[in-house]
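Numbering (full-length UniProt numbering), first residue to last: 1 to 1175.
First up is the structure itself, then whatever we jot down about it.
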């Protein structure tokens, strides 16, 4: 035999015979990437049954075919390899086929037998597993001795004959080595079974050296994975995308059996020996042969083959039909049976890229967009590429897939973010924040709706509170969204939604905060493409179609100024919205009205909303004329009177307040009149004030309606979701865009602090090796915009105080600019260097919009309204952020009848929580606050909420970022404009984030918190674990984790370290809950048996004492002091399972006995699962 162990003679296709009629093909045994295997009858060998592997001959497959042929030809004489009968060439119209004729293994793959046993709630015994692995090892030792590496050892490639013999098959990926210690450098194999060194073999430029090569010990790793497969019925990473599987193989500790405690220590040790990540420390196959798990088998193993033979009846056609699809990875390409041509694998995590550059990231995103995969991870941060198309990936089936799963168990998805936040909220016992950011039309609001949908699903409760929270969101979108020149459904406010949960994980309610509603939109925009809020069109078009406009003093024709319909229908550049499509608004209004009813808005409150909307529309049509004294007067009182009727205020006082105001001169009130421009401005300010107060009242009322369930079921756990207007730029930008872009600027700064700055700061403080993270710091821009006293927003305020208007702003920026990022770009515009680029703003209208002052005379008129709610809109104080408050004494009844009193009492404590978190409130008349002042207060409140974590500490673990990107400016479905995406990648710091996640430590946890969360994963329940640095290190070492660093007081974890711990935590919790359920079932059964025995003893004693009585108690009379056994509730004995508590896991009497385990199946605790009582 040659030195290599195989004959160098290769297969000569020209010399092969055609099979002709010699073989009669039968049923299909299996199909894979390389070919198909059939049963066949050899007509020239007396009808002998054989197996024929049929492969198409292609240029790419010839090397694999040659190697498989040489192995079968030279080494098949081994008893654990299939007999080889020859090879034939079949010529067909569709291409030539190669037929490998081999021994038929009727028993099929061993994994079919394992799955068949599991189907019957059984499992393969360790003795049978040891026998199968022992025979497999003998075959592999034979291959290795002959310098052949198999490279595809797995359960489906280990077959059983009808006699129970074990055969190793499929040598398509095998390769001959020059010597036993020779190495290969090709990344190839079945993903779940590939060794770490195989995965990384071709990733680095130095891969030409032996440092990145692998040897025959890669087969030992595959053997260990196969051992797990025989125990659990599936490989650890089977069924997930190859890129995710390969990433986890390299980054995470070696996998183990799903329930190691259910197996002997010797079997667990065998797996540990095989799955040593460092190949230099991993034993060779010959050494594995000497492991006690294999050597403990009896010398005479005939009975084991017979037992396996008898078990083959467990393999049913149903089991065969549900085999998992074979996947082969070769370098950066994967192949499946459905797609046999190599398909390039694109990473689902940009932080896993070898070379992170703009071009590589852009290429990955473009390829994923072509395959309609628009979600991508950047470490633990989600990136969304808006496809501008509907996608069927948000259904119930998808929600089930993302229920209490690890991030890498499924493809990137918005549901994954919701799931992670939900799990972290309960595991870490701290509030969670989800922050959506991106420019306008990037898909933030769409993702918000899907987030809420999944958060409802995760906390699904019988009280259907999730449906109410969803309806509340739809109401807020109707009153807070409007069409812009690029987005027909743009969010025109900042909204923070707090989804609350009870201690049992059930959704108990929600709280909404709405900040910075763009109120100038109500009275019209200088650019016609901007429409009013949706609700105005819903309301008007519905009542017009029903002929009921007269009820609200309105007329037909859609000619009201605030509707802005003049000429908008002919503007084809504007995306069609409610203003352009009135026929769609009727259904929208019906949905809006139904949502109000479902949220328990009373009829008079609903009517108030509609009357106020009508009054605002009519306000826009009040006209003024110049009188003889040069002051303003009403052109006609008719429209003003209609408004007064709708608002239920005195008509004369209302008309007077529209044109007049008072000033105090030397202690005496003096009457003054507006000029025409001032009167128009006062009218518009009233319309804007009415609307934003109405919106705040609706939001406060919604929160009040939802507060009862929070009070009853509890709201100690909650998840905050932040959505708002995206960064925007139009041909003409004003104060609205300045506020929009400034708050986006602040959120970008918050993101930079969370992802980059705080990590580097903590590395220095904890004295660990500094990982320098590069990013664009936008703090100087924020300082020039918001710092006191010379920031832009303060300059705008100063212009109002000095009554100097735009001139003051221009002069201030020209004479003494604070810095180079905010400066005048022309006589009428100033520019701001935002993180996305330079934006110009028109300065002319900014001072007037910033003033936004409603005269006290009009406020007093509104306070005299006969409508109680309308009076409150102008009586209740405003918060620092400019929001209307609702004191608890004004809380409407949340229950009726006998429940009214306790319902109000329950919500009394909750009422403050949803009004405002600002300290201090302001009168509506005694102090004028500018728009920029309320904006600064709202921004501060928003950032304060985001920055505070558990116990008031700043933490990264409680924040989940979703970065949204607009892929195409034209709005075409699945469009992709590379330069548009590139600009947003820079603005959102995606490249810097990927690099930071690759080399940084995204999760930093203090020692005490780390021990509290995870000690039960590595320490016994009765161990006393002190909070020390050494114990933190010991915990990580016991879990065999890599990549972490320990500082002076914190543990620094990679994002995949934290994910691994979360996965392990969830798995252990499910096991503990099952033990608790089983223990409760056992105690209840034992208690019931005791009661039954006591009953029988009592009846027996009575039969002895009273011989004349029926011993069975047929008289039907019970003793007065005796209770029926069936009415007794099982009494749980304390102390039986209390040891499970104290590790952040508490028993719950309401826990169901059905557990959703990691295998995706519902596992029910039945009588057979109960713990047997010792005799």
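Glycine included, every Cβ here is placed at the ideal spot set by N, Cα and C.
Query                                                                                                                                                                                       : Result
Can you give me the Cβ contacts of residue 742 inside the same chain, cut-off strictly under 6 Å, excluding the 5 residues immediately before and after it?                                 : 785
Report all residues from its chain with a CB closer than 8 Å to the CB of residue 760; omit the five preceding and five following residues, and keep chain order.                           : 770, 771, 772, 773
Should residue 663 go down as buried or exposed, given a rule of 16 or more other Cβ atoms within 10 Å for buried?                                                                          : exposed
For the alpha helix (DSSP H) that residue 810 lies in, which residues bound it at each end?                                                                                                 : 805-815
Do the segment 70-84 and the segment 22-30 meet, that is, are 3 or more Cβ pairs less than 8 Å apart?                                                                                       : no
Look at the alpha carbon of residue 991 and the alpha carbon of residue 361, and state the distance between them as a whole number of angstroms.                                            : 8 Å
I need the DSSP call for residue 976, collapsed to helix, strand or coil.                                                                                                                   : coil
Can a CB atom of chain B be found closer than 7 Å to the CB of residue 930?                                                                                                                 : The chain labelled as chain B is not found in the depicted structure, where only one protein chain is given.
Starting from residue 1176, follow its DSSP beta bridges and name the residues at the other end.                                                                                            : With the chain covering 1 to 1175 only, the question about residue 1176 has no answer from this structure.
What residue range is occupied by the uninterrupted alpha helix (DSSP H) comprising residue 626?                                                                                            : Where residue 626 is concerned, there is no enclosing alpha helix (DSSP H), although the beta strand (DSSP E) it sits in stretches over 624-626.
Roughly how many angstroms lie between the CA atoms of residue 996 and residue 432, to the nearest whole one?                                                                               : 22 Å
Quick one: grab the DSSP three-state call for residue 847.                                                                                                                                  : helix
Measuring from the CB of residue 1028, is there a heavy atom of the ligand NAD at a distance below 6 Å?                                                                                     : The ligand NAD is not part of this structure, which contains no ligands at all.
Measure the Cβ-Cβ separation of residue 434 and residue 721 and say whether it is below 7 Å.                                                                                                : yes
For residue 537, which of 610, 504, 146, 494 has the nearest alpha-carbon?                                                                                                                  : 610
Below 8 Å on the Cβ atoms is my contact criterion, and I expect residue 218 with residue 235 to pass it. Report the Cβ-Cβ distance as a whole number of Å.                                  : With a Cβ gap of about 15 Å, residue 218 and residue 235 do not count as contacting.
Within a Cβ cutoff of 7 Å, which residues of the same chain sit near residue 818, ignoring the five residues on either side of it in sequence?                                              : 784, 790, 791
State whether the segment 139-156 contacts the segment 220-230, with contact taken as three or more CB pairs (one from each stretch) at a distance under 8 Å.                               : yes
Going by CA-CA distance only, name the one from 645, 501, 723 that's closest to residue 550.                                                                                                : 645
What is the DSSP secondary structure of residue 831, reduced to helix, strand or coil?                                                                                                      : strand
Could you say if the segment 685-699 and the segment 465-481 meet the contact criterion of at least three C-beta pairs nearer than 8 Å?                                                     : yes
In terms of residue numbering, what span does the beta strand (DSSP E) encompassing residue 958 cover?                                                                                      : Careful: residue 958 lies outside any beta strand (DSSP E) and carries neither H nor E.
If residue 228 sits next to residue 255, beta carbons under 8 Å apart, how far is it from one beta carbon to the other, in whole angstroms?                                                 : 6 Å
Put residue 1217 into one of helix, strand or coil per three-state DSSP.                                                                                                                    : Nothing in the structure corresponds to residue 1217, since the chain is present only between 1 and 1175.
In terms of DSSP beta bridges, what is residue 513 paired with?                                                                                                                             : 496
When you compare each of 275, 686, 512 to residue 522 by their alpha carbons, which one comes out closest?                                                                                  : 686
Any idea which residues DSSP pairs residue 672 with across the strands?                                                                                                                     : 661
Going by beta carbon distance, what residues of the same chain come within less than 8 Å of residue 481, once the five residues before and after it are set aside?                          : 445, 489, 490, 491, 492, 533, 534
With DSSP run on the structure shown, which of helix, strand or coil describes residue 420?                                                                                                 : helix
What does the Cβ neighbour count give for residue 163, buried or exposed, with the cut at 16 atoms within 10 Å?                                                                             : exposed
Using the Cβ count rule (16 or more neighbours within 10 Å means buried), how would you classify residue 328?                                                                               : buried
Just reading off the alpha helix (DSSP H) that residue 1185 is part of, what are its end residues?                                                                                          : Here the chain covers residues 1 to 1175 and nothing more, so residue 1185 does not appear.
Please work out which residues of its chain come closer than 8 Å, Cβ to Cβ, to residue 18, disregarding the five sequence neighbours upstream and downstream, and give them in chain order. : 88, 89, 90, 91
In angstroms with no decimal places, state the Cα-to-Cα distance between residue 856 and residue 605.                                                                                       : 26 Å
DSSP three-state label for residue 339, please.                                                                                                                                             : coil
Which of the three DSSP states, helix, strand or coil, is assigned to residue 7?                                                                                                            : coil
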